[in-house]
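Numbering-wise (my numbering), the sequence shown opens with residue -1 and increments by one.
Quick reminder that beta carbons are idealized off the backbone N, C-alpha and C, glycines included.
One structure below.
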Amino acid sequence: LGKMCSPLSRFTSDSGERFAACDCCPNYGERCKPQPPGAEITDTTTPMLIVDQMVRGSFRRAGADEMLMVTSGCASAAENNGGVWIGDVYGGSLQNLAYVSGDHPEACRKLPREEGIDRLLCTFTHGRAATSTHVLVNDYTRPDAGISARELVEVVSELANVCTNGAGPITDNRVASTRFADRDGDGRTDVEIALSLRSGTVTVAALRKCKDGVFEGDPSSLLRPPKQEVLRFFGKAGRTFEPDAETKRILARL
C-alpha cells in the first residue's frame, strides 16, 4: 500500500481510531501528492483510501502467498463505499495487485483451508429503505460471483425506519454471531449463524410519536420478545455449502 500511495500516511478518525491510509485514490489510477513517510492526514475533505482489515493466505490459487486488504473510501455508495485489494507477497512487498470494487465487508474471518484455498466468512451491512445484514463466504477463485452466489443469509431490520415506512408490520432481524467447525466429521468446514428475530406492529398511535422523521422513545417497544434461531450450513465438495432441513424452513420464513 505504501508503494501505491508513495508514501503511506496515517489517519485518525473522530472516535480516535487510527488507520493506515492513502490521501488519494490509487484504485482509480490517481497519483498521491508527496507526503513525508507516516505523515498524519488532517485534511479529511480529500478522498482517502483507508485500510480496514488485512488477512494473509492463499486466496486466488493454491499455494500462493497473498495479502488481502479490505479498504474504505475512494468508492461510491453504489460500490458499497469500498473494496478489496489482493496482491502476491514477494520480498516484503505486494505485486500483481488486483482490486475488487464493491466487496466491502465490515468484518471477516478466515475459514480453514480447503483444497489449498482460503476463504473468508464475512458480514456486510447496508441500509436504504431498511438495514440489511448479509453473511457471505468470499471465495476469490470465483471473482465474478455476485452477492447471491456468496450469500448464506440476509436478514432485515426495519427498526430505524419506523417513521418512514408508515403503519403496519415491522421486523427487527439481526445476526447475533457466526461460528465454524467440522460438525459432521467429514473433513469440511461447516458454518453456524445465530439469529435474533423480532417482529411487531407500527400502529397509527405509534406514528404520532414521530417528530421530524425520528421516533421519540424506544422503537423496540413496538416489538414482541426476540426469538433465537440457529442456521446450519454444511460444507460440500467444490467449497460450497448446503443448509440442513431446519435451516431451509427458517430461511423460507425470513
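Measure how close the beta-carbons of residue i and residue j come, nearest whole angstrom, since I'm counting them as under 8 Å.
{"i": "Arg107", "j": "Leu118", "result": "7 Å"}
{"i": "Pro103", "j": "Val68", "result": "6 Å"}
{"i": "Gly85", "j": "Gln93", "result": "6 Å"}
{"i": "Thr187", "j": "Leu109", "result": "5 Å"}
Rounded to the nearest angstrom, what separates residue i and residue j at their Cα positions?
{"i": "Val158", "j": "Ser175", "result": "It is worth fixing the name first, because residue 158 is Ala in this sequence and not Val. Cα to Cα, Ala158 sits roughly 21 Å from Ser175."}
{"i": "Val87", "j": "Ala62", "result": "9 Å"}
{"i": "Gly299", "j": "Met52", "result": "Residue numbering for the chain in the displayed model covers -1 to 252; residue 299 lies beyond these limits and cannot be assessed."}
{"i": "Arg59", "j": "Phe239", "result": "20 Å"}
{"i": "Ile248", "j": "Val133", "result": "15 Å"}
{"i": "Tyr138", "j": "Val173", "result": "24 Å"}
{"i": "His124", "j": "Gly233", "result": "27 Å"}
{"i": "Leu220", "j": "Cys161", "result": "12 Å"}
{"i": "Ala73", "j": "Val154", "result": "24 Å"}
{"i": "Ser11", "j": "Leu195", "result": "33 Å"}
{"i": "Ala105", "j": "Asp116", "result": "16 Å"}
Classify residue i as helix, strand or coil using the three-state DSSP reduction.
{"i": "Pro217", "result": "helix"}
{"i": "Lys246", "result": "helix"}
{"i": "Glu77", "result": "helix"}
Hey, is residue i's beta-carbon within less than 8 Å of any beta-carbon in chain C?
{"i": "Asp188", "result": "Among the protein chains of the structure shown there is no chain C, as only one such chain exists."}
Based on Cα-Cα distance, which residue from the options lies nearest to residue i?
{"i": "Leu205", "options": "Ile248, Tyr26, Asn163", "result": "Asn163"}
{"i": "Ser130", "options": "Asp182, Asp170, Thr139, Gly114", "result": "Asp170"}
{"i": "Asp21", "options": "Asp12, Gly14, Met46", "result": "Met46"}
{"i": "Ala203", "options": "Thr187, Pro217, Leu195, Arg222", "result": "Pro217"}
{"i": "Glu227", "options": "Thr245, Phe213, Gly55, Asp210", "result": "Thr245"}
{"i": "Asp242", "options": "Ser197, Ala165, Leu150, Ile168", "result": "Leu150"}
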